[in-house]
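Residue numbers (my numbering): 2 to 246.
For reference, the structure is listed below as structure tokens.
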Amino acid sequence: MTSSRIAWLNPADPQSAFPAVENALSEPDGLLAAGGDLSADRLLTAYRSGIFPWFDEGQPILWWSPDPRCVLFLDGLRLSRRDCRYVRRSNAELRFNTAFARVIDACAGERRSRQGTWITSEMRAAFVTLHELGWAHSIEVWDSALLIGGLYGLSIGRVFFGESMFSERPNASKFALLGLVTHLRASGGELIDCQIVSQHLMSLGATTLPRGEFVALLRSACDPPTRLENWPSTPISVAGLRANV
């Protein structure tokens with residue numbers, strides 16, 4: 002049975018623990034707690050526990066663990082024949098971790114144009130810190146000197162927790178996702194957490210897991226809670242990726 006109330010975390014106490022995810026509300030789906038802070042330690046603990054922050058500017062920090070959870074297993078990515086043709090014909094290239102702040106700002110800007118963004122100034126600052134500490138990463142799509150698409154997220158153990166993506170040109174975010182999946186597969190990754198179900202992600206091969214199953218998977222896949230450090234240091238041609246991964 003889920004609680005009808007959420008827990009409030011003390012921002013002055015970085016050790017204040019999250020409640021068990023089973024206590025999350027069913028309406029709104031997954032709301033678990035409020036308050037606390039966005040310190041690196043708290044964020045790493047949250048993601049490893051199947052919890053993530055999601056709130057608007059001016060709101061208290063809200064923590065969520067929806068049921069079911071949207072995930073993409075690395076062998077599940079599916080691109081259409083048309084998408085595969087775009088990959089083979091693309092002149093773009095992938096770069097990794099060269100413009101993290103620009104990627105997160107582009108993701109925020111795209112959502113702001115759709116009447117609001119959850120990538121608040123607090124969230125931006127927190128993820129820039131995680132990037133500087135080696136936990137958060139950006140996958141970028143470039144056309145010469147132009148950043149045309151990308152995504153960012155958090156990597157812990159064998160899991161990449163995807164946060165957001167953007168496209169300035171058609172298919173650019175798909176190129177970034179393909180590049181991420183290719184790299185994670187080569188690095189022993191297991192899955193990408195997509196957080197919230199969307200028709201777009203499901204069309205690319207994402208699926209859903211019951212929350213309990215997802216959290217149990219995290220216990221093994223995020224143990225030990227290591228950083229993924231072997232990101233490519235040189236650009237990779239999008240056309241050279243194997244589209245039918």
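Every residue gets a Cβ at the ideal spot worked out from N, C-alpha and C, and that includes glycine.
Give the single residue among the options whose Cα lies nearest to the Cα of residue i.
| i | options | result |
| --- | --- | --- |
| L10 | A34, L26, S27 and A21 | A34 |
| A187 | A137, E141 and L242 | L242 |
| E123 | G31, V239, P54 and T209 | P54 |
| L181 | I52, L78, E23 and P12 | L78 |
| D144 | Q16, S91 and S50 | S91 |
| L178 | A109, D57, G110 and V88 | V88 |
| L147 | A137, E169 and E28 | E169 |
Under 8 Å by Cβ, that's how I've got residue i and residue j pegged, so tell me the actual separation to the nearest angstrom.
| i | j | result |
| --- | --- | --- |
| F176 | A93 | 6 Å |
| S165 | I120 | 7 Å |
Excluding the 5 residues flanking residue i on each side, which residues of the same chain have their C-beta closer than 8 Å to its C-beta?
| i | result |
| --- | --- |
| L192 | V72, L73, F74, L75, R159, V160, F161, L218 and A222 |
Given residue i, which residues of its chain have a CB within under 6 Å of its CB, disregarding the five upstream and five downstream residues?
| i | result |
| --- | --- |
| E230 | none |
| D68 | R212 |
| W232 | F97 and N98 |
| R125 | I105 |
| S238 | E94 |
| E58 | T121 |
Where do the N-terminal and C-terminal ends of the alpha helix (DSSP H) with residue i fall, by residue?
| i | result |
| --- | --- |
| R212 | R212 to A222 |
| E123 | S122 to E133 |
| V88 | R82 to R90 |
| V182 | A173 to A187 |
| D42 | A41 to R49 |
Just curious, the beta strand (DSSP E) that residue i is in, first and last residue?
| i | result |
| --- | --- |
| A8 | A8 to L10 |
| A34 | L32 to G36 |
Does any CB atom of chain B fall closer than 8 Å to the CB of residue i?
| i | result |
| --- | --- |
| G154 | Here chain B cannot be found, since the structure has a single protein chain. |
Closer than 7 Å by C-beta to residue i: which residues in its own chain qualify, once you throw out the five before and the five after it? Chain order, please.
| i | result |
| --- | --- |
| Y48 | L155, I157 and F162 |
Can at least three beta-carbon pairs, one atom from the region 223–231 and one from the region 96–113, be found at a separation below 8 Å?
Not touching, per the Cβ criterion.
Can we say the region 150–161 touches the region 209–216, given the rule of at least three CB pairs closer than 8 Å?
no
Assess, as a yes-or-no matter, whether the region 21–38 is touched by the region 53–64 under the definition of 3 or more beta carbon pairs within less than 8 Å.
yes
Is there contact here, the region 43–59 with the region 120–132, by at least three beta-carbon pairs under 8 Å?
Output reads yes: the region 120–132 touches the region 43–59.
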